[in-house]
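Going down the list, the sequences are from chains U and Y. Counted the way our numbering counts, the first sequence spans residues 5 to 196. Counted the way our numbering counts, the second sequence spans residues 5 to 196. For each residue, glycine too, the CB sits at the ideal point set by N, CA and C. Have a look at the structure below, then the notes.
There are 2 protein chains.
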Amino acid sequence: MWLKNMNTQTQSNRERIIKVAYQLFYTKGYNQTSFADVANELGISKGNLHYHFPSKGALLNTVIALRKQQIIEMFAQWDGEFSDAKDRLKRFIQMMINNEANLVRYGCPLGSLNVELGKDQRDLQGMSREMFDLYQHWLEKVFTQLDSKKSKARSLHLLSMTQGTAMMTYIYSDSKLLKDECNAINEWIDSL
Amino acid sequence: MWLKNMNTQTQSNRERIIKVAYQLFYTKGYNQTSFADVANELGISKGNLHYHFPSKGALLNTVIALRKQQIIEMFAQWDGEFSDAKDRLKRFIQMMINNEANLVRYGCPLGSLNVELGKDQRDLQGMSREMFDLYQHWLEKVFTQLDSKKSKARSLHLLSMTQGTAMMTYIYSDSKLLKDECNAINEWIDSL
DNA sequence: GTCTATAAGAAGATAGAC
DNA sequence: GTCTATCTTCTTATAGAC
Numbered sequence: 005m006w007l008k009n010m011n012t013q014t015q016s017n018r019e020r021i022i023k024v025a026y027q028l029f030y031t032k033g034y035n036q037t038s039f040a041d042v043a044n045e046l047g048i049s050k051g052n053l054h055y056h057f058p059s060k061g062a063l064l065n066t067v068i069a070l071r072k073q074q075i076i077e078m079f080a081q082w083d084g085e086f087s088d089a090k091d092r093l094k095r096f097i098q099m100m101i102n103n104e105a106n107l108v109r110y111g112c113p114l115g116s117l118n119v120e121l122g123k124d125q126r127d128l129q130g131m132s133r134e135m136f137d138l139y140q141h142w143l144e145k146v147f148t149q150l151d152s153k154k155s156k157a158r159s160l161h162l163l164s165m166t167q168g169t170a171m172m173t174y175i176y177s178d179s180k181l182l183k184d185e186c187n188a189i190n191e192w193i194d195s196l
Numbered sequence: 005m006w007l008k009n010m011n012t013q014t015q016s017n018r019e020r021i022i023k024v025a026y027q028l029f030y031t032k033g034y035n036q037t038s039f040a041d042v043a044n045e046l047g048i049s050k051g052n053l054h055y056h057f058p059s060k061g062a063l064l065n066t067v068i069a070l071r072k073q074q075i076i077e078m079f080a081q082w083d084g085e086f087s088d089a090k091d092r093l094k095r096f097i098q099m100m101i102n103n104e105a106n107l108v109r110y111g112c113p114l115g116s117l118n119v120e121l122g123k124d125q126r127d128l129q130g131m132s133r134e135m136f137d138l139y140q141h142w143l144e145k146v147f148t149q150l151d152s153k154k155s156k157a158r159s160l161h162l163l164s165m166t167q168g169t170a171m172m173t174y175i176y177s178d179s180k181l182l183k184d185e186c187n188a189i190n191e192w193i194d195s196l
């Protein structure tokens with residue numbers, strides 16, 4: 005654990021770049037974020053940025069890899085906290101509620117990135133869809149605890165509902181809509 | 005009717021520009037579409053484009069105005085074809101099925117544009133959200149035929165479901181998912 | 001590892017000829 | 001109305017000094 009930063013008291017510039025890029029890609033969008041934006045935010049030079057990441061695509065790749073790792077760790081923690089399938093599913097919905105402020109202002113970080121990249125950069129979209137796959141597979145696994153035959157269809161249905169909820173919350177900047185839709189989703193989970 | 009093109013045998017360049025921009029903003033995204041893209045597609049010069057539309061924002065404005073007009077005409081036609089509330093709602097869902105190929109390849113034209121512009125161009129997002137408002141108001145009016153108290157909440161819920169469906173259909177390029185989710189939405193409409 | 005300088009190209013937009 | 005030419009700024013990326 006402490007091995008990570010053994011040689012430095014604080015984060016390395018490389019780590020800082022990834023974190024700032026992660027944030028800016030989410031809040032401004034990937035195409036609307038330039039190397040200059042990232043460099044200015046950190047107070048470093050663009051040349052330095054190119055030393056750590058030869059291209060913008062390489063930076064996105066690294067950002068997504070970090071995000072995937074965080075998602076995997078999140079599921080591991082949830083699985084440790086809850087064993088009941090419905091409790092696990094509701095923990096997923098609770099994540100949306102907890103993330104209200106960001107959803108209202110910036111939308112779903114997975115969905116918006118995927119839409120942006122899918123338009124004319126299919127290669128990059130493939131990378132971003134892998135984050136979606138992590139959610140889909142975890143949900144399918146959890147739904148299998150309830151009914152293995154319906155698990156895949158239900159996982160896609162739940163993702164569809166959460167994506168729609170995130171989209172509407174974002175478009176209308178409406179946190180009440182978020183809560184109402186999350187309540188409806190939780191009732192659906194209870195009804196299974 | 006024929007007055008529109010009284011002086012020309014075919015479309016004017018201005019009309020052609022709007023149509024091509026409409027298409028490219030949808031398929032490539034607004035930020036990823038340049039004046040050069042539009043001009044090349046039509047075989048005209050960039051200077052010509054700037055004669056008709058002084059700025060890119062002005063072009064987007066005109067494209068959205070056209071789109072809003074088409075949406076209004078679509079609702080008028082549906083209202084003429086169906087008087088029953090549930091028939092009208094199902095016509096809305098049928099539109100998604102009819103548009104399968106585009107949804108699979110490019111996603112929802114309203115949702116994706118709104119997400120893109122909302123990231124850091126809130127002024128432009130306002131224009132694009134007006135298209136959403138047209139749908140929301142029409143749906144609320146139709147739901148009022150069933151139950152005036154629940155009409156607004158139901159209109160938002162239906163939009164949420166359709167946005168989620170469009171998003172998942174797009175991300176996984178999955179037309180079967182589109183049909184399954186549309187069937188589920190139609191069942192929900194029947195249950196009201 | 002980090003900087004400055006610079007290339008090479010694309011973008012939105014303007015000026016002026018036809 | 002349409003064109004070519006040009007301007008300015010931004011963007012990704014490279015080269016070379018420290």
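Nonlocal neighbours in the same chain, by C-beta distance under 6 angstroms from U:Thr169, ignoring five residues either side: Residue mapping note: residue 169 of chain U aligns to position 165 of the first sequence, counting from 1. For U:Thr169, where only same-chain residues beyond five positions count, the Cβ hits under 6 angstroms are Glu185.
Neighbouring residues, chain Y, relative to U:Leu163 (Cβ below 8 angstroms): Indexing the first sequence from 1 puts residue 163 of chain U at position 159. Result: Gly168, Met172.
Interface positions of the stretch 72 to 93 of chain U facing chain Y (Cβ-Cβ less than 8 angstroms), listed along the chain: none
Coil, strand or helix - U:Trp192 by DSSP: In the first sequence, counting from the first residue as 1, residue 192 of chain U sits at position 188. Looking at U:Trp192 - three-state DSSP - the assignment turns out to be helix.
Buried/exposed call for Y:Ile76, threshold 16 Cβ in 10 Å: Along the second sequence, one-based indexing puts residue 76 of chain Y at 72. Answer is exposed; the Cβ neighbour count stays below 16.
Same chain only: Cβ atoms within 8 angstroms of Y:Leu28, ignoring 5 sequence neighbours per side: One-based indexing of the second sequence puts residue 28 of chain Y at position 24. Within the same chain, Y:Leu28 has close Cβ partners Thr37, Asp41, Val42, Glu45.
Outcome for U:Asn9 when other beta-carbon atoms lying within 10 angstroms are tallied against a minimum of 16: Mapped onto the first sequence, residue 9 of chain U falls at position 5. Per-residue confidence for U:Asn9 stands at a pLDDT of 47, beneath the threshold of 50, marking its modelled position as unreliable; the derived number appears in the next sentence. Its Cβ having fewer than 16 others within 10 Å, U:Asn9 is exposed.
Cβ shell of Y:Met165 (< 7 angstroms), same chain only, five flanking positions each side left out: On the second sequence, position 161 is the one that residue 165 of chain Y refers to. Ile189, listed in sequence order.
Start and end residues, alpha helix (DSSP H) containing Y:Thr31: By one-based count along the second sequence, residue 31 of chain Y stands at place 27. Run containing Y:Thr31: 17 to 31, per the alpha helix (DSSP H) assignment.
C-alpha gap between Y:Ala69 and Y:Lys23, whole angstroms: Sequence index remark: in the second sequence, residue 69 of chain Y carries index 65 (1-based). Sequence index remark: in the second sequence, residue 23 of chain Y carries index 19 (1-based). When rounded, the distance between both Cα atoms is 12 angstroms.
For U:Asn106, the three-state DSSP class (helix, strand or coil): Numbered from its first residue, the first sequence carries residue 106 of chain U at position 102. Of the three classes helix, strand and coil, the one that applies to U:Asn106 here is helix, per DSSP.
Burial state of Y:Lys197 (16 or more Cβ within 10 Å): Limits of chain Y in this structure are 5 at one end and 196 at the other, which puts residue 197 of chain Y out of reach.
Reference U:Gln129, options U:Leu138, U:Asn118, U:Asp137, closest by Cα: Translated into positions along the first sequence, residue 129 of chain U becomes position 125. Measuring from the Cα of U:Gln129, the nearest candidate turns out to be U:Asn118.
Endpoints, the alpha helix (DSSP H) within which U:Thr169 is located: Reading the first sequence from its first residue, position 165 is the one you call residue 169 of chain U. Counting along the chain, the alpha helix (DSSP H) containing U:Thr169 begins and ends at 155 to 175.
Counted within 10 angstroms of its Cβ, other Cβ atoms place Y:Pro113 as buried (16 or more) or exposed: Counting from 1 along the second sequence, the entry for residue 113 of chain Y is found at position 109. Per the 10 Å Cβ criterion, buried.
Under the three-state DSSP convention, the category Y:Lys183 falls into: Taking the first residue of the second sequence as 1, we reach residue 183 of chain Y at position 179. Three-state DSSP puts Y:Lys183 in a helix.
Segment limits, alpha helix (DSSP H) that includes U:Pro113: The sequence position of residue 113 of chain U within the first sequence is 109, counting from 1. Per DSSP, U:Pro113 belongs to the alpha helix (DSSP H) from 113 to 122.
Residue from Y:Ser87, Y:Lys50, Y:Leu93 with nearest C-alpha to Y:Ser155: For this step, residue 155 of chain Y is matched to residue 151 along the second sequence. The shortest C-alpha separation from Y:Ser155 is found at Y:Leu93.
Cα-Cα separation, Y:Gln15 to Y:Ile21: The residue you call residue 15 of chain Y lines up with position 11 of the second sequence. The residue you call residue 21 of chain Y lines up with position 17 of the second sequence. Cα to Cα, Y:Gln15 sits roughly 10 angstroms from Y:Ile21.
Closest Cα partner of U:Val67 within the set U:Lys50, U:Tyr34, U:Arg95: Within the first sequence, numbered from 1, the residue matching residue 67 of chain U stands at position 63. Ranking U:Lys50, U:Tyr34, U:Arg95 by Cα distance to U:Val67 puts U:Tyr34 first.
Distance, Y:Arg158 Cα to U:Tyr139 Cα: Sequence index remark: in the first sequence, residue 139 of chain U carries index 135 (1-based). Sequence index remark: in the second sequence, residue 158 of chain Y carries index 154 (1-based). Using only the alpha carbons, I get a separation of about 28 angstroms.
Neighbourhood of Y:Arg133 by C-beta distance below 7 angstroms, restricted to the same chain and skipping five residues each side: In the second sequence, counting from the first residue as 1, residue 133 of chain Y sits at position 129. Only Asn118 meet the Cβ criterion.
Backbone secondary structure at U:Asn11 - three-state DSSP: Against the first sequence, residue 11 of chain U aligns to sequence position 7. Caution applies to U:Asn11, whose pLDDT of 47 falls short of 50 and renders its modelled position unreliable; the model cannot decide the point.
Listed by chain order, chain Y residues near U:Asn35 by CB distance under 8 angstroms: Mapped onto the first sequence, residue 35 of chain U falls at position 31. Within chain Y, the residues near U:Asn35 are Gly33, Asn35, Gln36.
Buried versus exposed, by CB contacts within 10 Å (16 or more), U:Ser49: As a position in the first sequence, residue 49 of chain U is number 45, starting the count at 1. Burial call: exposed.
Sequence-distant residues of the same chain with beta carbon closer than 6 angstroms to Y:Lys90, five excluded per side: Against the second sequence, residue 90 of chain Y aligns to sequence position 86. Excluding positions up to five away in sequence, the list reads Ile193.
Test: U:Asn118 CB closer than 7 angstroms to a CB of chain Y: By 1-based counting over the first sequence, the position of residue 118 of chain U is 114. It does; some Cβ of chain Y falls within 7 angstroms.
Beta-carbon proximity check, U:Met135 vs Y:Gln167, cutoff 7 angstroms: Position 131 of the first sequence, counted from the start, is the residue given in the question as residue 135 of chain U. Position 163 of the second sequence, counted from the start, is the residue given in the question as residue 167 of chain Y. Cβ atoms of U:Met135 and Y:Gln167: not closer than 7 angstroms.
Below-7 angstroms beta-carbon distance, U:Leu107 vs any chain Y residue: In the first sequence, the residue the question calls residue 107 of chain U occupies position 103. No, no contact with chain Y.
Three-state class that DSSP yields for U:His148 in the structure shown: Mapped onto the first sequence, residue 148 of chain U falls at position 144. Sequence inspection shows Thr at residue 148 of chain U; the His mentioned does not correspond to that position. DSSP places U:Thr148 in helix when its eight states are reduced to three.
Chain Y residues whose Cβ lies nearer than 9 angstroms to that of U:Ile68: Reading the first sequence from its first residue, position 64 is the one you call residue 68 of chain U. Simply none; closest approach about 15 angstroms.
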